[in-house]
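The next block holds one structure in the form of structure tokens; read it before the comments.
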Amino acid sequence: MTRRYAIAGLGHRAQMYVDALLGDWSDTGTIAAFLDTNRTRMDYHNSRLPSPVPTYGPEGLGEMLSGADALIVTSVDATHADYVVAALDAGLDVVCEKPLTVDEEGCARIAAAAERSRGNLVVTFNYRYSPRNSAVRELIASGRIGDVTAVHFEWALDTAHGADYFRRWHRDRSRSGGLLVHKSTHHFDLINWWIASHPELVFAQTALRFYGAAGAGAAAGRPARAKGAPGLGTDPFLLDAAADPRLKALYLDAEHEDGYLRDQDVFAPGVSIDDTMSVLIRYAGRALVTYSLTAYSPFEGYRVAFTGTRGRIELEVGERAWTPVNAAIDPSAGLHAADSSWERLTVQEQWGKREEVPIIRGEGGHGGGDRLLLDDVFRGPSGDPLARQAGYRDGIRSVLTGVAANRSAASGAPITLTDEGTRLA
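Per the numbering used here, the very first residue in the sequence shown carries number 2; after that it's consecutive.
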């Protein structure tokens, strides 16, 4: 039996789900309706369907939900809680993009709704499905390094992907929660899932050092926007959205409705998020985590090391070895040439030699992980031994770790989490 899916939020992120329901997962469901604050964006996605579906503004949420079996939420992060709670209270299943929400209040509302609803809530943490990250989970679960006592996790966003958060609505902390919520929710969830534990104490320091009006990378005389401006192709920090047909259709052609600018200058005033972050986390079971995120690295990738009572696991991933001018915004979404990306997973037991572990990649985005995620979303997890499908508690734990880190950075004090990482003390 096919299901009727409504989609709330019709920007870039919605395309993965629209494409899935038009393609390899069309046998599982149909698109029943769209909801967005901008009609131009809804019209763009409707133009791709065999037959257009009804469209709604936020005021039509209740009517839209009455004609659907499930809601997919891909809207601005700060709106997630409203849509998720309304759908759960209507008895619908919900698929929500990360982060689940942006603050403590949103987490509490979603938890209460999930507990009283007959609907099921899935949070789409696609990094769990990436083959290299699944291989880490398998190694840790096998017990080869014993109990994990320490995790060192460094994530580097380059000056294409990292900069893009400072062009968009994400630059406004009230809408995104900052990168420690919007982006790091992926990374905190990975740690929770890898070591099968939850955070108890968080301490952080953060700063805005590179982007923004006073950032170290600012260049005098740059125009605030530069659609088709001379020399644009030689400036790695200016995005010419007019040059990309999809960005043009979704954003430039939609500006007249709501004034949202997709291609803001990363050095313009108005940035309220940080680009340099360092976090210490103590977990239940006493594992200690050191985590860092920078958004202006010359390469893109991550390094994570797990030290346990019997050995050590190390994963090193390079998603883009260097960043050319006008590089693709997100290098992690697809497969890359051998000379521009790499990944290496090793395990070394006490008194043993280091062993490289093969990583079996699939086809499609994130090394085949996106296809596995979509199978889970539309066909169900089918007894996955790695338990990759994430529920609302997983989403809340990862959000609150970021919220706690932001609060710690502002106050200078450590922040305690209770109820297995689902509430702040």
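Ideal Cβ placement from N, Cα and C applies to all residues, glycine included.
Check	Outcome
The beta strand (DSSP E) enclosing residue 278, as first and last residue numbers	277-284
Own chain, CB closer than 7 angstroms to residue 183, minus 5 neighbours either side, in chain order	78, 100, 171 and 177
Residue 313 versus residue 291: straight-line alpha-carbon distance, rounded	15 angstroms
Cβ pair count under 8 angstroms reaching 3, the region 124-135 against the region 411-418	no
DSSP state of residue 338 mapped onto helix, strand, coil	Residue confidence is low: residue 338 scores 45 on pLDDT, short of 50, so the model does not pin down where it sits. No coordinate-derived value is stated.
Nearest neighbour of residue 330, chosen from 13, 112 and 294 [CA to CA]	13
Proximity to residue 198 [Cα-Cα], best of 86, 284, 39 and 276	284
Residue 314 beta carbon near the ligand ADP (any heavy atom closer than 8 angstroms)	Of the ligands one can find in the structure shown there are none, so the ligand ADP has no counterpart to examine.
Inter-residue spacing [alpha-carbon to alpha-carbon] between residue 426 and residue 50	47 angstroms
Pairwise C-alpha distance: residue 189 and residue 301	18 angstroms
Expected contact under 8 angstroms - CB spacing of residue 46 and residue 23 to nearest Å	So it is not a contact: roughly 10 angstroms between Cβ atoms.
Nonlocal neighbours in the same chain, by C-beta distance under 6 angstroms from residue 277, ignoring five residues either side	208, 210 and 295
Nearest-angstrom Cα separation, counted from residue 194 out to residue 137	10 angstroms
Assigned exposure category for residue 361 - 16 Cβ within 10 Å defines buried	exposed
Sequence-distant residues of its chain with Cβ nearer than 8 angstroms to residue 173 (five each side left out)	271, 273 and 274
For residue 18, the three-state DSSP class (helix, strand or coil)	helix
Outcome for residue 165 when other beta-carbon atoms lying within 10 angstroms are tallied against a minimum of 16	buried
Closest by C-alpha distance to residue 105, when choosing among 343, 52, 400 and 191	400
Classification of residue 370 by the beta-carbon crowding that lies within 10 angstroms, buried from 16 upward	buried
Selected residue, minimal CA-CA separation from residue 162, among 327, 364, 368 and 414	327
Cutoff 6 angstroms; reference residue 202; Cβ partners in own chain excluding five residues on either side	283, 415 and 417
Residue interval of the beta strand (DSSP E) (run including residue 155)	149-159
Helix, strand or coil at residue 368 according to DSSP, with G and I counted as helix	helix
Enclosing alpha helix (DSSP H) for residue 321 [first to last residue]	Note, residue 321: premise wrong, no alpha helix (DSSP H); beta strand (DSSP E) at 312-321.
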